[in-house]
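> In the working numbering, the protein residues as written are 1 to 68.
For each residue, glycine too, the CB sits at the ideal point set by N, CA and C.
#1: Going by DSSP in three states, residue 36 sits in which element: helix, strand or coil?
#2: Suppose you measure from the CA of residue 56 to the CA of residue 43; what does that come to, to the nearest Å?
#3: If contacts are defined as beta-carbon pairs under 8 Å, then residue 52 and residue 8 qualify, I think. What distance do you get, rounded to the angstrom?
#4: In whole angstroms, give me the CA-to-CA distance for residue 24 and residue 11.
#5: Kindly indicate the opening and closing residues of the alpha helix (DSSP H) around residue 53.
#6: Here's a check: name, in chain order, each residue in its chain whose Cβ is nearer than 6 Å to the Cβ of residue 22, leaving out the five neighbours to either side.
#7: Which residue comes first and which comes last in the alpha helix (DSSP H) that contains residue 25?
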């Protein structure tokens, strides 16, 4: 697994967790999904992704095409 796929998997996980908690616990949890979506959009335009920087240092994953 390279860094790009790990970040996509993590973002999808965060979105699904936010939706599930929003449905089961409180509608305020939908903000977590909104935050993940906004972060993905800004990363697409700027190339800056804090999750990629953290994962790169922690897990020593090989870089993909998007986050080098």
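Reading from the atomic positions:
#1: helix
#2: 15 Å
#3: Actually they do not touch by this definition, with Cβ atoms about 10 Å apart.
#4: 20 Å
#5: 50 to 59
#6: 29, 30
#7: Element bounds for residue 25: n/a, residue is neither H nor E.
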